[in-house]
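Just so we're aligned, residue 1 is where the sequence shown starts under full-length UniProt numbering, counting upward by one.
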Amino acid sequence: MAVGGGNREENEGGNDDPIPVAASGPKTPGNSGVRAQCEASIPSLIAECQQYVSKTGPKIRPSAGCCSVVKDLDIPCVCKMVTKEVERLVSMEKVVFVGRSCGLKIAKGTKCGTGVRCLCFAVFLMAGILVLGNSGVRAQCEASVPNFVAQCGPYIIKSGPQTKPSEGCCSVVKTLDIPCLCKLVTKEIEEIISLEKTVFVFRTCGREVAKGAKCGSYTVPNALH
């Protein structure tokens, strides 16, 4: 089903050019209020839109659910968190296509963040599989991460209180290779996800996480808080 609105400029034949996106608005990436607003939309964004911007597979129109999330995004805010690694996982042509299909007006010739050619909300769509390093590690972990972030995102985002995870979240956690996932954690991910909350979720869901183990820059404590 075509979900649209706005002045879409994409070529229906799929030959639309990748376009840098405007990053106007308040330049306050360090502002905690702005960051909190951005982070709040991550889980639903990953759950609803990830499949439409992945490099693999054909370009298809986004669902109504995806567009409902995209239309509420603070794009300039999200642009502040763009990293180079995103381009290795996300098709920027698809991202522009999704944005325009959902009614976003994307100006040609303007830049987002450091000039990465993308509609900047892509960084959130793939936040759970941002960094890669060893290709074997990536292959092992990648398949489970989007589902983990979709189900557990509300419980591991930095903003908000620490709360017990849902049964749906725990059902995913019980199948995760935790040491593998911890190898993928980078500074960019730590700006979005609370590793303290993440370990709390793991342990609450019945997974053993050894005291002193490292997950990104975080050292696992002895007990739940």
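All C-beta atoms, glycine included, are put in the ideal place defined by N, C-alpha and C.
**Asked** Taking the alpha-carbon positions, what's the Pro62 to Val98 distance?
**Response** Those two C-alpha atoms are separated by around 6 Å.
- Item | Backbone secondary structure at Thr219 - three-state DSSP | Under the three-state reduction of DSSP, Thr219 is assigned to strand.
- Query: What residues in its chain sit with their C-beta under 8 Å from that of Lys211, if we drop five residues either side in the sequence?
  - Reply: If the five residues before and after Lys211 are omitted, its C-beta is found closer than 8 Å to the C-beta atoms of Val220, Pro221, Asn222, all from its own chain and listed in chain order.
Out of curiosity, what's the CA-to-CA distance linking Arg203 and Val145?
If you take the alpha carbons of Arg203 and Val145, they lie about 18 Å apart.
| Any idea if Lys197 is buried or exposed, counting beta-carbon neighbours within 10 angstroms, 16 or more meaning buried? | Result: buried.
If you draw a straight line from the alpha carbon of Val185 to that of Ser217, how long is it in whole angstroms?
-> Roughly 8 Å separates the two Cα atoms.
Note to self: What ranges does the alpha helix (DSSP H) occupy inside the stretch 137-178, keeping only unbroken runs of at least 4 residues that lie completely in it?
What the structure shows: Within the stretch 137-178, the complete alpha helix (DSSP H) segments at least 4 residues long are 145-156, 167-173, listed from N- to C-terminus.
| said: Let me make sure I understand the geometry here. Which of Leu104, Gly57, Lys55, Lys59 has the alpha-carbon closest to that of Lys71? | reply: Among Leu104, Gly57, Lys55, Lys59, the Cα nearest to that of Lys71 belongs to Leu104.
Look up Ile193 in the DSSP assignment and give the residues it is bridged to. Under DSSP, Ile193 forms a beta bridge with Ile157.
Let's test the definition: count the other Cβ atoms within 10 Å of the Cβ of Ala150 and tell me whether it reaches 16, buried, or not, exposed. Note on Ala150: 16 or more other CB atoms within 10 angstroms of its CB, so buried under the neighbour-count rule.
_With DSSP as the reference, identify every bridge partner of Lys214, one or two as the case may be._
Paired residues: Thr219.
Requested in this report: Would you decide whether Ser24 is buried or exposed? Buried here means 16 or more other CB atoms lie within 10 Å of its CB.
Outcome: Reliability of the predicted coordinates at Ser24 is poor, the pLDDT of 32 falling under 50, and no value is obtained from them.
Worksheet item: From Pro154 to Ser101, what distance separates their C-alpha atoms?
Response: Just so you know, the alpha carbons of Pro154 and Ser101 end up roughly 27 Å apart.
Using the Cβ count rule (16 or more neighbours within 10 Å means buried), how would you classify Ile157? Under this definition Ile157 is a buried residue.
Problem set entry | Beta carbon of Cys152 nearer than 8 Å to that of Pro165 | In contact: Cys152 and Pro165 (Cβ atoms closer than 8 Å).
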